[in-house]
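Structure first, commentary second.
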Amino acid sequence: MALTGNLLTVSLDPDGLDDLELEDAEIDAVLDMSAESIDEMREALAKVLAFGRREARPRLTGVSV
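Quick note on numbering: the sequence shown equals residues 464 to 528 in the numbering used here.
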């Protein structure tokens with residue numbers, strides 16, 4: 464997962480695409496929100512995605528944990 468400016472990109476393992484019924488391993492979402500809200504979301508995502516076993520956590524770019 465990467466959060467750069469207002470662009471959130473989620474990159475999935477291609478091996479799991481069939482199970483998720485997806486065709487593309489990369490999903491981009493343009494966040495239509497203020498820079499302050501994006502910073503708040505970045506902080507919240509860091510907390511949520513830092514939970515659980517270290518080896519099961521996603522690799523993050525632009526989100527400090």
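C-beta atoms are modelled at their ideal positions from N, C-alpha and C, and glycine is treated no differently.
Small disclaimer: the values here were computed from a predicted structure and weren't measured.
Beta carbon of residue i nearer than 8 Å to that of residue j
i	j	result
residue 470	residue 491	yes
Neighbourhood of residue i by C-beta, 6 Å cutoff - its chain only, sequence neighbours within 5 removed
i	result
residue 472	465 and 491
With 16 other Cβ atoms within 10 Å as the buried cut-off, status of residue i
i	result
residue 508	buried
residue 479	exposed
residue 506	exposed
Cβ neighbours of residue i in the same chain (closer than 8 Å, five flanking residues each side left out)
i	result
residue 522	464
Beta-carbon separation (whole angstroms), residue i vs residue j, contact threshold 8 Å
i	j	result
residue 474	residue 489	5 Å
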